[in-house]
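Step one of this worksheet: look at the structure below.
In the working numbering, the protein residues as written are 9 to 133.
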């Protein structure tokens, strides 16, 4: 089994398209006002946005994108007016990560974990 795509809800798909383009995802499908789809730069997974009448009343959805040159990417995104609520930080789970929210409040975590992504010291074998 392989992960194909993640789809997140959006009140305004056009606004979300602009946001995710700034993040650097490759825009591949536009079916406004209801749907949009992107490809990740690496790995072959895709990421979709679909229109909803209201977003879930929770803390949002958490989406993780791994980026090798995280600090440089954060600097680039700041020049594109992307706002972060947590700047790059080394976490106790051995990931270097930063956090922001998309226009609908979904949690975006940009991180670099290297081998620790799938093989942390506490992995069950």
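Ideal Cβ placement from N, Cα and C applies to all residues, glycine included.
Proximity below 9 Å, CB of residue i to CB of residue j
i: residue 31; j: residue 116; result: yes
i: residue 21; j: residue 42; result: yes
i: residue 33; j: residue 50; result: no
i: residue 119; j: residue 77; result: no
i: residue 92; j: residue 102; result: no
i: residue 53; j: residue 11; result: yes
i: residue 94; j: residue 106; result: yes
Which of helix, strand or coil DSSP assigns to residue i
i: residue 85; result: helix
i: residue 26; result: helix
i: residue 98; result: strand
i: residue 91; result: coil
i: residue 11; result: coil
i: residue 131; result: coil
i: residue 122; result: helix
Counterpart residues of residue i in DSSP-defined beta bridges
i: residue 45; result: 37 and 56
i: residue 17; result: 58
i: residue 50; result: Answer is none; residue 50 lacks a bridge partner.
i: residue 116; result: 71 and 108
Cut-off 6 Å between Cβ atoms - residues of its own chain near residue i, not counting five sequence neighbours on either side
i: residue 111; result: 23, 24 and 27
i: residue 66; result: none
i: residue 138; result: It is not possible to answer for residue 138, since the shown part of the chain is limited to 9 through 133.
Chain-order list of residues whose beta-carbon lies under 7 Å from that of residue i (same chain, five-residue window excluded)
i: residue 79; result: 96
i: residue 39; result: none
i: residue 90; result: 30 and 108
i: residue 87; result: none
Other residues of its chain near residue i: CB distance less than 8 Å, five sequence neighbours each side excluded
i: residue 68; result: 109, 112, 113, 114 and 115
i: residue 81; result: 32, 75 and 118
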